[in-house]
Amino acid sequence: MIIGEVISRVVSTRKYDSLQGFKLLVIQPCFGSKDDCFVAADELGAGEGELVLVARGQAAQHALIKETPIDALVVGLIDEKPAITMSNIDSKNE
Amino acid sequence: MIIGEVISRVVSTRKYDSLQGFKLLVIQPCFGSKDDCFVAADELGAGEGELVLVARGQAAQHALIKETPIDALVVGLIDEKPAITMSNIDSKNE
Amino acid sequence: MIIGEVISRVVSTRKYDSLQGFKLLVIQPCFGSKDDCFVAADELGAGEGELVLVARGQAAQHALIKETPIDALVVGLIDEKPAITMSNIDSKNE
Amino acid sequence: MIIGEVISRVVSTRKYDSLQGFKLLVIQPCFGSKDDCFVAADELGAGEGELVLVARGQAAQHALIKETPIDALVVGLIDEKPAITMSNIDSKNE
Amino acid sequence: MIIGEVISRVVSTRKYDSLQGFKLLVIQPCFGSKDDCFVAADELGAGEGELVLVARGQAAQHALIKETPIDALVVGLIDEKPAITMSNIDSKNE
């Protein structure tokens, strides 16, 4: 799963019927390239600025009542950003 | 899902029969590397220059009537480009 | 799907029986990093230098008669390289 | 599968019920970009600083008793970091 | 599929029972970033230094007798490295 921040919302009037009822959120990844924003569906009520846990691929289907053309789903809201020793993250530059 | 712009169309005469009837669109991602263009199938009538929402992987099958060798599908047309605070996007360069 | 060019062929004598009968082609992507070559199976008779449309992941199975350990399949031959306004592609460097 | 190091833990109070009972670990990849941290579920009791083997995508489901919206799972604890001739790894810079 | 070279082996004593009996090999990709090493399961007896063809994702399951939490599998040994005109590969730098 990916940790990301909700940074916007997508409005799509013309779409497959099976996508009705989902909020579509633009997610910015917390790790890796912050440019690689993507869209995740949400049923948990995540708001802008919140940190969320996103499942991608077929795994997203296992949380849904019926199969939906969704490849990313908010599966949890994160209580607080996990404490990470940034020296580890930066160690590749050593 | 990915937000992308339709920038061209692919013509393929020799292909599997199950691909007949789909428009095949070249999609340029709006986020991340703009070089990473790919091809998505379309049943919604997206035109060149339009912003679309694309589902990738097995999720695409869940919008189709029968299984098709398609790994990316336009699942929605986007009303307008989502407002994003670019300072967030650029923060990795700070 | 990915647009790529067939640049070579792979010969593998020792492999799973279910891979018998497929041509295994080295594909160079037309978009993104041209270093990211990969191998796709082919039943359509694509030759070296031809542009092809490749489906990746589980989608490849939906074109095959039986399940096969193939994660990329040539699903179409492309009539001609799609016309793309390169200024769009290069816009990220502006 | 990916070899990674457990560098933190994620706490999520509000999540799908099917995620209850899994530890959610932040994994830093040992190869490739060390920035590309992600979250994997764990049932094996991996602790911080341990090297683990992570299966991603639908493969993770094949270790679980029921389908769960998890796209990455710790499937093994690694006894010791594999000995790799780093000159190979660095050969791309030659 | 990916062409890679077997560069090491992973030993994991504590793992899911369904992974018993597979060799776990560290694979270095021949194309793209050579840093992006990953682990593939092997039933064909590939040895260190050999070039192999690896199927990733759900495709790996189609070679196995029962479902296993494996997302990469050696599906063939490659007879010799495919001849590739490197000028093509380097053309992106022109």
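Residue numbers (full-length UniProt numbering), protein chains in the order written: chain A, 1 to 94; chain B, 1 to 94; chain C, 1 to 94; chain D, 1 to 94; chain E, 1 to 94.
All residues carry an ideal CB built from backbone N, CA and C; glycine is no exception.
Residue environment for ILE65/A: exposed (fewer than 16 other C-beta atoms within 10 angstroms of its C-beta). The C-beta of PRO82/E comes no closer than 8 Å to any C-beta of chain D.
DSSP lists LEU73/D as the bridge partner or partners of ALA55/D. Closest by C-alpha distance to PHE38/A, out of PRO29/A, LEU44/A, LEU51/A, VAL11/A, is PRO29/A. Nearest CB-CB separation between ALA72/E and chain D: below the 8 Å threshold.
LEU25/A sits in a strand when the DSSP states are folded into three classes. DSSP links ASP42/D through a beta bridge to LYS23/D. Among the bridge pairs identified by DSSP, GLY4/B is matched with PRO29/B, VAL52/B. Along the stretch 38-62 of chain E, the positions whose C-beta sits under 7 Å from a C-beta of chain C are LEU44, LEU53, ALA55, ARG56, GLY57, GLN58, ALA59, ALA60, HIS62, read in chain order. Sequence-distant Cβ neighbours of ALA60/B in its own chain, meaning closer than 7 Å and more than five residues away, are ILE70, ASP71, ALA72, LEU73. Between the stretch 51-60 of chain A and the stretch 41-54 of chain B, the count of C-beta pairs closer than 8 Å stays below three; the two stretches do not touch. Among the residues facing chain C, ILE3/E is included, as its CB has a counterpart in that chain under 8 Å away. Listed along the chain, the chain D residues whose CB falls inside 8 Å of the CB of ILE78/A are VAL10, VAL11, SER12. Its chain contains ALA41 as the residues whose beta carbon lies nearer than 6 Å to that of PHE22/E, once the 5 sequence neighbours on both sides are disregarded; these appear in chain order. Taking 8 Å as the threshold, the shortest C-beta distance from PHE22/C to chain B does not fall below it. Proximity to LEU25/D across VAL6/D, ALA55/D, VAL54/D peaks at VAL6/D, based on C-alpha coordinates. For VAL26/B, there are no neighbours in chain A by C-beta distance under 8 Å, as the nearest C-beta there is about 19 Å away. At a cut-off of 8 Å between beta-carbon atoms, ILE65/E makes no contact with chain D. Not a single CB atom of chain C sits nearer than 8 Å to the CB of VAL6/E.
With respect to the C-alpha of SER8/B, the residue from GLY76/C, ILE3/C, VAL75/C, LYS15/C having the closest C-alpha is ILE3/C. Distance from the CA of GLN20/D to the CA of LEU53/A, rounded to the nearest whole angstrom, comes to 14 Å.
Inter-residue distance for LYS81/D and SER33/E is about 21 Å (C-alpha atoms, whole angstroms). Per the DSSP secondary-structure output, LYS15/C pairs in a beta bridge with GLY76/E. A residue is called buried when at least 16 other Cβ atoms come within 10 angstroms of its Cβ; THR68/E meets this threshold and is buried. Closest in alpha carbon position to THR13/B, among GLY76/C, ALA83/C, ILE84/C, is GLY76/C. Taking C-alpha positions only, ASP36/E is separated from PHE31/D by approximately 6 Å. Residues of the same chain with a CB within less than 7 Å of the CB of ILE78/E, apart from the 5 flanking positions on each side, are ILE3, LEU51, VAL52, LEU53 in chain order.
Counting every other CB atom within 10 Å of its CB across the protein chains shown gives VAL10/E a total of 16 or more, marking it as buried. Per the C-alpha coordinates, the member of TYR16/A, ARG56/A, GLU43/A positioned closest to GLU43/B is TYR16/A.
A straight-line Cα-Cα distance of about 22 Å links ALA55/E and ALA55/A.
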